[in-house]
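Residue numbering for the sequence shown follows our numbering, starting at 8 and increasing by one per position.
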Amino acid sequence: MIREPVYVTRSFAPPEEDFQKYVHHIFESSQFTNNGPLLQELNEELRAFLGVRYLQFVTNGTLAIQLALRELGITEGEVITTPFTYVATTSAILWEHCEPVYVDIDPQTLCMDPNLIEAAITPQTKAILPVHVFGIPCDVDAIADIGRRYGIPVIYDAAHAFGCVYRGKSLLDYGDVSTCSFHATKLFHTIEGGCIICQDEAVSSKIHLAKQFGHSYDDHFQLGINAKASEFQAAMGLCNLPYVPRIIADRKRSVELYDAELSGRLKRPEIPAGTEYNYAYYPVIFPSEEALLRANDALEAENIHFRRYFYPSLNTLPYLSRKPHCPISEDLSRRIACLPLYYGMRSEDIRRIAALICAEVERNI
Numbered sequence: 008m009i010r011e012p013v014y015v016t017r018s019f020a021p022p023e024e025d026f027q028k029y030v031h032h033i034f035e036s037s038q039f040t041n042n043g044p045l046l047q048e049l050n051e052e053l054r055a056f057l058g059v060r061y062l063q064f065v066t067n068g069t070l071a072i073q074l075a076l077r078e079l080g081i082t083e084g085e086v087i088t089t090p091f092t093y094v095a096t097t098s099a100i101l102w103e104h105c106e107p108v109y110v111d112i113d114p115q116t117l118c119m120d121p122n123l124i125e126a127a128i129t130p131q132t133k134a135i136l137p138v139h140v141f142g143i144p145c146d147v148d149a150i151a152d153i154g155r156r157y158g159i160p161v162i163y164d165a166a167h168a169f170g171c172v173y174r175g176k177s178l179l180d181y182g183d184v185s186t187c188s189f190h191a192t193k194l195f196h197t198i199e200g201g202c203i204i205c206q207d208e209a210v211s212s213k214i215h216l217a218k219q220f221g222h223s224y225d226d227h228f229q230l231g232i233n234a235k236a237s238e239f240q241a242a243m244g245l246c247n248l249p250y251v252p253r254i255i256a257d258r259k260r261s262v263e264l265y266d267a268e269l270s271g272r273l274k275r276p277e278i279p280a281g282t283e284y285n286y287a288y289y290p291v292i293f294p295s296e297e298a299l300l301r302a303n304d305a306l307e308a309e310n311i312h313f314r315r316y317f318y319p320s321l322n323t324l325p326y327l328s329r330k331p332h333c334p335i336s337e338d339l340s341r342r343i344a345c346l347p348l349y350y351g352m353r354s355e356d357i358r359r360i361a362a363l364i365c366a367e368v369e370r371n372i
């Protein structure tokens with residue numbers, strides 16, 4: 008018997024009738040894009056939900072990073088970043104004609120190791136771009152201190168961190184600028200989308216102009232591109248936002264069940280004290296790449312699909328001009344995978360996945 012597939016994630020879908028109400032509004036108004044009323048409403052609701060001062064909604068999380076770099080004046084030079092994340096972070100740096108300079112990661116949190124940053128700073132360093140990988144907070148104090156002492160802006164890629172709270176405030180409210188992704192696979196999504204959160208009103212205003220070609224009506228102020236989102240994206244976001252607490256609670260239940268069923272057989276990243284986590288991912292670290300691949304085969308045989316987040320280590324990409332050695336990232340990227348986790352996941356599937364992995368791990372001790 009072929010079992011129903013279990014994928015690594017599954018997009019949350021609000022009640023269809025809720026979305027249709029917004030669609031009816033959109034058709035009545037005939038305004039499908041260009042900073043429409045639903046997008047303005049969502050922008051304000053997200054700002055209030057996160058408790059941040061300045062938020063700019065854009066059409067995806069990659070453009071969010073690109074706009075952040077450009078509107079901070081970073082159009083050349085070096086950007087210190089992490090090799091352990093999704094390739095979009097590196098892609099945005101390269102696309103803006105900058106060079107990524109990789110520093111290795113902390114083996115406990117999997118985030119950029121702040122102890123390695125200063126040694127990577129040169130006269131060409133224009134920014135530090137860490138990632139709150141899997142929604143796990145970076146060492147924000149140490150990184151902020153380095154940024155202040157050297158006069159280098161800190162831009163956080165917080166694509167995984169929506170709903171995470173650290174030391175009493177949104178994790179997206181750290182750094183000079185923070186970016187987020189609202190892709191359909193994320194905990195909160197707008198089908199495609201993202202945002203840029205700024206501490207400085209002038210930077211936020213520049214990003215607002217830049218995302219709409221640099222002009223307001225017939226007044227042209229600066230170079231810009233098209234990063235505007237549609238009313239349909241906004242409608243999905245307005246439908247999904249009220250469900251975020253329920254989504255996080257449900258994912259927490261699944262994570263706690265995984266923890267109980269796996270009984271510590273595989274190592275997990277460490278979440279710093281003071282974190283209210285969003286349970287966006289369930290990463291596990293296998294004892295070897297061979298063990299990971301054997302577990303993958305066992306799961307695939309049952310039509311269960313996990314994902315190698317994040318592989319390969321980005322400092323090994325074939326199109327880079329410089330490929331520094333990052334031993335911790337290179338090692339862990341070969342041994343880590345995210346198990347299936349999404350809203351409404353069945354307990355029996357979690358138990359089945361855990362049993363298959365436990366059997367494989369024990370067989371290969």
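The beta-carbon is built from N, C-alpha and C at its ideal position, and this holds for glycine as well.
Counted within 10 angstroms of its Cβ, other Cβ atoms place residue i as buried (16 or more) or exposed
| i | result |
| --- | --- |
| Glu85 | buried |
| Ser177 | buried |
| Asp266 | exposed |
| Tyr163 | buried |
| Gln63 | buried |
| Gln73 | buried |
| Val184 | buried |
| Thr116 | buried |
| Asn233 | exposed |
| Gly244 | buried |
| His167 | buried |
| Arg342 | buried |
| Phe139 | Note on identity: in this sequence residue 139 is His, with Phe being the wrong assignment. Answer is buried; the Cβ neighbour count reaches 16. |
| Pro249 | exposed |
| Gly351 | exposed |
| Gln240 | buried |
| Gly175 | exposed |
| Asp113 | buried |
| Tyr109 | buried |
| Glu78 | buried |
| Arg155 | exposed |
| Leu76 | buried |
| His215 | buried |
| Ala1 | Past the edges of the chain, shown from 8 to 372, lies residue 1, and the structure says nothing about it. |
Residue i CB to nearest heavy atom of the ligand ATP below 7 Å
| i | result |
| --- | --- |
| Met119 | No copy of the ligand ATP occurs in the structure displayed, which carries no ligand at all. |
Cross-strand partners of residue i (DSSP beta bridge)
| i | result |
| --- | --- |
| Pro290 | Cys345 |
| Pro107 | Val86 |
| Gly201 | Val65 and Ser188 |
| Arg382 | Because the chain here runs from 8 to 372, residue 382 falls outside it and cannot be looked at. |
| Lys274 | Ile292 |
| Val13 | Ile311 |
| Ile112 | Met119 |
| Asp226 | Ser223 |
| Lys176 | Tyr173 |
| Asn233 | Gln219 |
| Thr282 | Tyr173 |
First and last residue of the uninterrupted beta strand (DSSP E) at residue i
| i | result |
| --- | --- |
| Ile135 | Thr132 to Leu136 |
| Ile162 | Ile162 to Asp164 |
Whole-Å CB distance - residue i paired with residue j, under 8 Å assumed
| i | j | result |
| --- | --- | --- |
| Val251 | Phe313 | Actually they do not touch by this definition, with Cβ atoms about 25 Å apart. |
| Val30 | Ala242 | 6 Å |
| Tyr173 | Gly281 | 6 Å |
| Tyr289 | Cys345 | 6 Å |
| Val368 | Arg272 | 5 Å |
| Lys235 | Asn50 | No, Lys235 and Asn50 are not in contact; Cβ-Cβ is about 12 Å, not under 8 Å. |
| Ser270 | Leu348 | That pair is no contact at about 18 Å. |
| Pro21 | Asn247 | 6 Å |
| Val13 | Ile254 | Val13 to Ile254, Cβ: 18 Å. No contact. |
| Ala165 | Leu179 | 5 Å |
| Ile33 | Glu238 | 5 Å |
| Ile81 | Lys133 | 5 Å |
| Gly182 | Val210 | Actually they do not touch by this definition, with Cβ atoms about 12 Å apart. |
| Pro121 | Ile150 | 5 Å |
| Tyr61 | Glu208 | 6 Å |
| Ile357 | Leu264 | 5 Å |
| Pro294 | Asp111 | No, Pro294 and Asp111 are not in contact; Cβ-Cβ is about 20 Å, not under 8 Å. |
| Ser320 | Phe91 | 6 Å |
Residue range of the alpha helix (DSSP H) that includes residue i
| i | result |
| --- | --- |
| Asn247 | Glu238 to Asn247 |
| Lys259 | Val251 to Leu269 |
| Ala127 | Ile124 to Ala127 |
| Arg370 | Ser354 to Arg370 |
| Gly158 | Counting along the chain, Gly158 falls outside any alpha helix (DSSP H), and DSSP gives it neither H nor E. |
| Leu101 | Ala95 to Trp102 |
Test: residue i CB closer than 8 Å to a CB of chain D
| i | result |
| --- | --- |
| Glu307 | Annotation note: the requested chain D is absent from the structure, which comprises a single protein chain. |
- [ ] At 4 residues or longer, and completely inside the region 24 to 65: list those alpha helix (DSSP H) runs for me, N to C.
- [x] Along the length of the region 24 to 65, whole alpha helix (DSSP H) runs at least 4 residues long occupy 44 to 57, reported in chain order.
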